[in-house]
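These protein sequence lines are chains A and B, in that order.
Residue numbering for the first sequence is 521 to 856, as defined by this note's numbering.
Residue numbering for the second sequence is 43 to 446, as defined by this note's numbering.
The beta carbon of each residue, even a glycine, is placed where N, CA and C say it ideally should be.
Reviewing the structure listed below.
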Amino acid sequence: MRRALGIGAWLLTVAAGLGVFLVLPHLVSDFHSRDLARAGVFFIAIVGLNLLTGYTGQISLGHGALMAIGGYTTAALVVHEHWRDVWTIPLAGIAAGIVGFIIGIPALRLSGLYLALATFGFAVAIPSLLKKFSGLTGGTQGLRFLESAPLQVTGLTGKVTIFGHTMTQNHFLYYLTWSIGIVGFALAWLIVRGRLGRVFRSVRDSEIAAVSSGVNLAATKTLAFALSGVYAGVAGALLAIQDEIVNPLTYTFLLSILVLVGAVVGGLGSLPGLVLGALFVQYLPKISTHVSGRSGVRDFVYGAAIIVVMILLPTGAGGFLRRVARPLTTWLYTRP
Amino acid sequence: MERILYTAAAVACALALATVATGARTATPGVTATEVVIGGTIPVTGVASAYRTVGLGAAAYFRYVNAHGGVNHRKIHYLIKDDQYDPGQTMERTRELVEQDHVFAIFNSLGTEHNLATRPYLNAIKVPQLFVASGATTWGKDYKQWSWTIGYQPNYRAEGTIYGRYVAKTAPKSRIGVLYQNDDYGKDLLAGLRNGLGKKGKLIVSTQGYNVDDPNDQSQIAKLKSAKVNTLMLFSTPKFTIQAYAYARQLGWRPKVYVNAVSSASNIMGLATVGTSKKQTDGTISIVFLKDPTDPRWANDRGIKLYRTIMKHFKGTNPSDVYNVYGMSVAHTFVEALKKAGKNPTRDSIMRAATHLNIHNDPFLLPGIVVRTTASDRFPLDQSRLERYHNGRWRSFGGLFRVR
């Protein structure tokens, strides 16, 4: 009986989440759905980083650079090869996945702080590399879809029609980003629940124990990096599609830090809180600007907010949600 | 018969649609009986936040104009959005200004890459992109393709040309080294320098680029010194310019320095002097087109007095920051253009006004400088003077250059 109730509650939560996803853009202004789409980009990158850092225990400060790989793959295909922007997303994911796999190789020898530094180096190097190959990347100017390949931009006229349903470009970007986000989230959930998730966690909790239980450490770590890279690449592609440009100044190491902040605030090692992590990263700068326009004040509010969140919610929003729901879940899953 | 009916119905429908469309068009976005809403992006925070006063100075001037009745009884409401110097965010915030805040025009948005990013969008939907805060040549040069865009300040290429001509004429045996920001801005200045040197292009013995997100330019300065450079061109933003002076001093190196106008403000030179020594910065050469609020020469000047009055009521910025003056000058030009755009300004009429400027009385510019544009001449400011830094202040010398 309680088991049925448990499944019911679970289904209800999922349905409510989907309901919010579908209705939300109609409750806010048209442009605002674009800001929500940007939060969706962070959400996807954070889900990917969480698989790597939260579940496999490998710290990465280089996810902004992996997003750059995705964004530039999309931009290069749109501008140079005249692909339609949305069809480049899978390839952007694959490209960043491959690069993720490669930067996973140092992780076989490094751990903890040393790995963080190695990935940080990658994040710092990427903007300069992007300026080097200017034939491909547009150098410091970057690539501009509307100037070089306007016909490849979905929703150029402001309207998009899919399956006979017409919506504004801003709504389209919102639904596109968050649909991909939800699918990515579901996949991550399946991975975490399954055998692979257990392998990831065993590596996180004790590498020695994992190896002695027959886990292939090298394969697991590089796989986690590659998977995480796919998420970051897809996020980068969506960011490029939303901005309709790519530029090295977008992908500075600060972006990597932002993604990590989102993952920590959302709750490493848990999934439901990540939506809040993404909203935190997207909206905190705006809110702190509202407090005062002076630049010092803004930075102060931003830093203080992160510290307060970490003191009040040391396990992030995910841990908080778990704690709130504990009485219910305990009741549901205990035999009477 | 049926066909005629259909045709009539179709024509009626088309007409109805057309009326609706024109009806929508007569109301210009951002213009009401009491207000004109404009907006732009400024790096209020982030790596380039030193430029935020370009926006704040303009905001201060609009507040002054509004307190004195506005333009045609309309107050100017200027929205500043922070893009953190990230062109991706410039795109987002500009869309927000157009689609959510329904601004009349984009005004004084800062940065070369940033305005290049929004230019195709703004031109496609015919929103004026007025008085871009960047000295790239393209704003004035490429108006046939981008008719809704216009720049403001003297362009970087022309500035580089002035330095090149001056060195070629006065010191033809120099060994020139260039520190430049590795983007359009730095490369434009460098190209101008080569252009100005003409046949003396060989005088350049070393060029060193840095990236705007680099921590410092120490290695570049060391390389320039080891190339036995005696004339150093600093085509760099304020932070890197101050560092360049400091690292040169650490190496015991005192070349003749030319510093581009982006970094030659008195407060920046003051910082460079405090960080090094008086001797290190003495003799530096730059160009100037604004009145410097710290220059005692302008202490009793009408424009700088006005500037001080406005700044007194505007808290939060440093009144000795010359970027405020720049902001006020560009705001002054916008106000003049708005006056010329008619009783009920439209996006078309403001563009026409912005491309037919002839302003002789801008109180914030050096005496004699005229803000002039025509339909085919889209460089509003194209005059400046050379200046030399001596005893902690700039002194201009020579006449007004017309630079292109």
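Look at glutamate 134 of chain B here: in three-state DSSP terms it is helix. Within chain B, the C-beta atoms nearer than 7 Å to that of leucine 769 of chain A come from Tyr127, Asp128, Pro129 and Glu155, in chain order.
In its chain, beyond the 5 residues on either side, Gly662 have a beta carbon closer than 6 Å to the beta carbon of asparagine 767 of chain A. Residues of the stretch 195–229 of chain B with a Cβ closer than 7 Å to any Cβ of chain A, in chain order: Asn224, Asp225 and Asp226. Per DSSP, reduced to three states, the secondary structure at asparagine 400 of chain B is strand. Between alanine 636 of chain A and serine 776 of chain A, the CB-CB gap reaches or exceeds 8 Å. Excluding sequence positions up to five before and after leucine 293 of chain B, its CB lies within less than 8 Å of the CB of Ile263, Ala264 and Lys267, all in the same chain and listed in chain order. Cα atoms of isoleucine 564 of chain A and threonine 279 of chain B: separation of roughly 36 Å, rounded to the nearest angstrom. Below the 9 Å Cβ cutoff, chain B contributes no neighbours of isoleucine 700 of chain A, its closest Cβ being approximately 19 Å away. Neighbours of lysine 741 of chain A across chain B, judged by C-beta separation under 8 Å, do not exist; the nearest C-beta is about 30 Å away. Annotation for phenylalanine 443 of chain B: the continuous beta strand (DSSP E) segment containing it runs 435–444.
In chain order, Asn224, Asp225 and Asn253 make up the part of chain B whose C-beta sits under 9 Å from the C-beta of lysine 651 of chain A. Boundaries for histidine 110 of chain B: no alpha helix (DSSP H) harbours it, and the DSSP string shows neither H nor E there. Inter-residue distance for alanine 595 of chain A and leucine 758 of chain A is about 10 Å (C-alpha atoms, whole angstroms). Secondary structure at serine 732 of chain A: helix, using DSSP grouped into helix, strand and coil. Boundaries of the alpha helix (DSSP H) around threonine 850 of chain A: 836–853. Take the alpha-carbon of aspartate 819 of chain A and the one of arginine 94 of chain B: they are about 15 Å apart. Contact annotation: the stretch 672–680 of chain A does not touch the stretch 614–627 of chain A, with fewer than three C-beta pairs closer than 8 Å. Taking a C-beta distance under 8 Å as the contact criterion, valine 750 of chain A and glycine 613 of chain A qualify as a contact pair. Note: isoleucine 765 of chain A is bridge-paired with A:Arg664 in the DSSP secondary-structure output.
Out of B:Ser261, B:Lys123, B:Arg217 and B:Ala75, the CA that lies nearest to the CA of arginine 116 of chain B is found in B:Ala75. In the displayed model, serine 426 of chain B falls within a strand according to three-state DSSP.
Contact check for leucine 586 of chain A and alanine 616 of chain A: beta-carbon distance about 5 Å, within the 8 Å limit, so the pair qualifies.
Glutamate 764 of chain A has a beta carbon lying within less than 8 Å of a beta carbon in chain B.
It is roughly 54 Å from the alpha-carbon of proline 170 of chain B to the alpha-carbon of arginine 713 of chain A. Under the DSSP assignment, aspartate 124 of chain B falls in the beta strand (DSSP E) whose first and last residues are 117–124. In the DSSP assignment, phenylalanine 149 of chain B falls within the beta strand (DSSP E) that extends over 147–149.
With respect to the C-alpha of arginine 296 of chain B, the residue from B:Gly312, B:Ile122 and B:Met275 having the closest C-alpha is B:Met275.
The C-alpha of isoleucine 118 of chain B is placed about 28 Å away from the C-alpha of serine 418 of chain B. Glutamine 223 of chain B sits in a strand when the DSSP states are folded into three classes. In this structure tyrosine 431 of chain B touches threonine 326 of chain B by the C-beta definition: roughly 4 Å separates them, less than 8 Å. Taking every protein chain shown into account, the CB of tryptophan 698 of chain A has 16 or more other CB atoms within 10 angstroms, so this residue is buried. Taking the C-beta atoms as reference points, alanine 159 of chain B is found no nearer than 8 Å to isoleucine 80 of chain B.
Around phenylalanine 439 of chain B, the same chain offers Arg427, Leu428, Glu429 and Arg430 as residues with beta carbons nearer than 8 Å, after the five sequence neighbours per side are excluded.
The continuous beta strand (DSSP E) containing glutamate 77 of chain B extends over residues 77–84.
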